[in-house]
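Undergrad: Numbering-wise (full-length UniProt numbering), the sequence shown opens with residue 1 and increments by one.
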Amino acid sequence: MKGPLFYSKILLFGEYGIIKDSKGLSIPYNFYNGALKVDENPSEEAIKSNESLKRFVEYLKGLDKDLVDFDFETLQEDVNAGMYFDSSIPQGYGVGSSGALVAAIYDKYASDKITVLENLTREKLLKLKAIFADMESFFHGKSSGLDPLNSYLSLPILINSKDNIEATGIPSQKAEGKGAVFLLDSGSVGETAPMVSIFMENMKNEGFRSMLKDQFIKHTDACVDDFLKGDIKSLFKNTKQLSKVVLNNFKPMIPKQFHELWKKGIETNDYYLKLCGSGGGGYILGFTENIDRAREALKGQKLEVVYNF
């Protein structure tokens, strides 16, 4: 048995801000994917994944049946037969490993599921997001449900506010373009929960709250608008501001070894860095108007291009 592939995602803009109603833009990232599988001779990894799925099934049985119900008989049979999630998506890297798994389970076992092929009204999108938020909370405390939504639909998602989301189109890539969005591998895993608690703790401070509203959210919203309009000049201006705000106010979320590189990007304009997901490790997102210059400036770093302007 092998199920369909579900892809990883990248939240281009909106990390932390979407908790407080900033805009956000999330895109599927097809480089990584995962699928449900059963093998005759499972590896150690597969056995571990199957153990985790057993716990996940128990958790799903406790969810509100009016919101979502599953064919538990088949699901339990498959899990007992050794089903696991075979995934190339790195965990703790901010590219949605648990999101893809949630999407795969919903797709295969949910009763009365909302399918990708039907007319996706805002109500349906919000319902899916609510279902996925409940399902994904098993993995890291409170979930927004966006990662699985992205993975399930395999479409870019524009978050206007908490209860206003829509599937969207993004400008098509220019294969020969010099501008790029890229990922940098920090070499360490980031844990979502502790980073979110630091953020929530900071939110008790009035100065932090006004910085979030007047600077962070302002530049995030502008970046989303610029990106969707294809206004590259303005996008880089706003991304630079956003990069500065993050360096000044989100230091704990930036792995120490990147503090200097972060600053260097802002000073030289060769590239601008921002958080990818909750930070603390995993990937860091980079934006550059000239990928060759960025590669040169970031020599020795593992760099993957995800989008070309």
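For glycine and all other residues, C-beta sits at the position ideal for the given N, C-alpha and C.
Report yes if the CB atom of Tyr-93 is closer than 8 Å to the CB atom of Tyr-283, and no otherwise.
TA: Counted from its first residue, the sequence shown places residue 93 at position 93. Counted from its first residue, the sequence shown places residue 283 at position 283. Yes, they are a contact pair.
Undergrad: Relative to the C-alpha of Glu-191, which candidate in Gly-141, Lys-204, Lys-174 has its C-alpha closest?
TA: Taking the sequence shown and counting its residues from 1, one reaches residue 191 at position 191. The residue with the shortest Cα to Cα distance from Glu-191 is Gly-141.
Undergrad: Exposed or buried, what is Gln-241 when buried is set at 16 or more other beta-carbons lying within 10 Å of its beta-carbon?
TA: Along the sequence shown, one-based indexing puts residue 241 at 241. That one is buried.
Undergrad: Is the separation between the beta-carbon of Tyr-272 and that of Thr-239 shorter than 8 Å?
TA: In the sequence shown, the residue the question calls residue 272 occupies position 272. In the sequence shown, the residue the question calls residue 239 occupies position 239. Yes; because the gap between Cβ atoms is below 8 Å, this pair is in contact.
Undergrad: Tell me the residue span of the alpha helix (DSSP H) that contains Leu-247.
TA: In the sequence shown, residue 247 corresponds to position 247, counting from 1. Counting along the chain, the alpha helix (DSSP H) containing Leu-247 begins and ends at 232-249.
Undergrad: Please list the segments of the alpha helix (DSSP H) lying wholly inside the segment 169-227, counting only runs of 4 or more residues, in order along the chain.
TA: Whole alpha helix (DSSP H) segments, 4+ residues: 192-202, 206-211.
Undergrad: Considering only the beta carbon of each residue, do Asn-150 and Ile-159 sit closer than 8 Å?
TA: The residue given as residue 150 occupies position 150 in the sequence shown. The residue given as residue 159 occupies position 159 in the sequence shown. Their beta carbons are not under 8 Å apart, which means Asn-150 does not touch Ile-159 by this criterion.
Undergrad: What's the C-alpha gap between Ile-266 and Phe-287?
TA: Your numbering for residue 266 matches position 266 in the sequence shown. Your numbering for residue 287 matches position 287 in the sequence shown. Cα-Cα distance, rounded: 11 Å.
Undergrad: Determine, using beta-carbon pairs with one atom in the segment 171-188 and one in the segment 288-301, whether at least three such pairs fall under 8 Å.
TA: Yes, since at least three Cβ pairs between the segment 171-188 and the segment 288-301 fall closer than 8 Å, the two stretches touch.
Undergrad: Output yes or no for whether 8 Å exceeds the beta carbon distance between Asp-69 and Ser-111.
TA: For this step, residue 69 is matched to residue 69 along the sequence shown. For this step, residue 111 is matched to residue 111 along the sequence shown. Contact flag set, yes.
Undergrad: On the three-pair Cβ rule with 8 Å, is the segment 244-257 touching the segment 208-216?
TA: Flag = yes, the segment 244-257 and the segment 208-216 touch.
Undergrad: Counting only the same chain and skipping the five closest in sequence on each side, list residues whose C-beta sits under 8 Å from that of Thr-168.
TA: Start at 1 with the first residue of the sequence shown, and residue 168 comes out as number 168. Cβ neighbours of Thr-168 beyond the five flanking positions: Leu-25, Leu-155, Pro-156, Ile-157, Leu-158, Leu-228.
Undergrad: With a threshold of 7 Å on Cβ separation, who are the neighbours of Glu-289 within its own chain once the five nearest residues in sequence on each side are excluded?
TA: As a first step, residue 289 is located in the sequence shown; it is residue number 289 there, counting from the start. Once the five neighbours on either side are set aside, the close Cβ partners of Glu-289 are Lys-178, Gly-179, Phe-236.
Undergrad: Which same chain residues, not among the five before or five after Gln-301, have their C-beta less than 8 Å away from its C-beta?
TA: In the sequence shown, the residue the question calls residue 301 occupies position 301. Counting only Cβ-Cβ distances below 8 Å, and skipping sequence neighbours, we find Leu-184, Asp-185, Leu-261.
Undergrad: Among all the DSSP beta bridges, which residues are the ones paired with Asn-308?
TA: Locating residue 308 in the sequence shown gives position 308, where the first residue counts as 1. BP columns for Asn-308 point to Ala-180.
Undergrad: With DSSP as the reference, label Glu-44 as helix, strand or coil.
TA: Position 44 of the sequence shown, counted from the start, is the residue given in the question as residue 44. Three-state result, Glu-44: helix.
Undergrad: In this structure, what does DSSP give as the bridge partners for Lys-20?
TA: Residue numbering aside, residue 20 sits at position 20 when the sequence shown is read from its first letter. For Lys-20, which the question treats as bridged, DSSP gives no partner whatsoever.
Undergrad: Can you give the beta carbon distance from Val-95 to Lys-37, rounded, assuming they're within the 8 Å contact cut?
TA: Residue 95 sits at position 95 when you count from the first residue of the sequence shown. Residue 37 sits at position 37 when you count from the first residue of the sequence shown. Actually they do not touch by this definition, with Cβ atoms about 20 Å apart.
Undergrad: DSSP three-state call for Gly-286: helix, strand or coil?
TA: Taking the sequence shown and counting its residues from 1, the one referred to as residue 286 is at position 286. Gly-286 falls in the strand class under three-state DSSP.
Undergrad: Consult DSSP for Ala-81 and reduce its assignment to one of helix, strand or coil.
TA: To locate residue 81, count along the sequence shown from 1; it is residue 81. Ala-81: coil per DSSP, three-state reduction.
Undergrad: In chain order, which beta strand (DSSP E) runs of at least 3 residues are fully inside the UniProt domain "GHMP kinase N-terminal" (80-147)?
TA: With a minimum length of 3 residues, the continuous beta strand (DSSP E) runs that stay inside the UniProt domain "GHMP kinase N-terminal" (80-147) are 84-87.
Undergrad: Measuring alpha carbon to alpha carbon, tell me which residue in Asp-214, Gly-82, Lys-129 is nearest Ala-103.
TA: Residue numbering aside, residue 103 sits at position 103 when the sequence shown is read from its first letter. Here the closest residue by C-alpha is Lys-129.
Undergrad: Comparing C-alpha positions only, which one of Gly-280, Gln-173, Gly-14 sits nearest to Ser-161?
TA: As a working note, residue 161 is residue 161 in the sequence shown. Among Gly-280, Gln-173, Gly-14, the Cα nearest to that of Ser-161 belongs to Gly-14.
Undergrad: Going by beta carbon distance, what residues of the same chain come within less than 8 Å of Leu-63, once the five residues before and after it are set aside?
TA: Counted from its first residue, the sequence shown places residue 63 at position 63. Asp-134, Met-135.
Undergrad: Going by alpha carbons, who is nearest to Ile-131 out of Glu-58, Tyr-106, Lys-23, Leu-75?
TA: Here residue 131 corresponds to residue number 131 of the sequence shown, with the count starting at 1. Among Glu-58, Tyr-106, Lys-23, Leu-75, the Cα nearest to that of Ile-131 belongs to Tyr-106.
Undergrad: Around the C-beta of Pro-4, are 16 or more other C-beta atoms found within 10 angstroms, so that it is buried, or is it exposed?
TA: Within the sequence shown, numbered from 1, the residue matching residue 4 stands at position 4. Exposed, by the Cβ-count rule.
Undergrad: Measuring CB to CB, does Gln-173 end up less than 8 Å from Asn-50?
TA: Locating residue 173 in the sequence shown gives position 173, where the first residue counts as 1. Locating residue 50 in the sequence shown gives position 50, where the first residue counts as 1. Contact: no.
Undergrad: Along the alpha helix (DSSP H) that carries Lys-263, what are the first and last residues, could you check?
TA: Counting from one through the sequence shown, the residue named residue 263 turns up at place 263. Taken as a continuous stretch (DSSP letters only), the alpha helix (DSSP H) holding Lys-263 covers 259-268.
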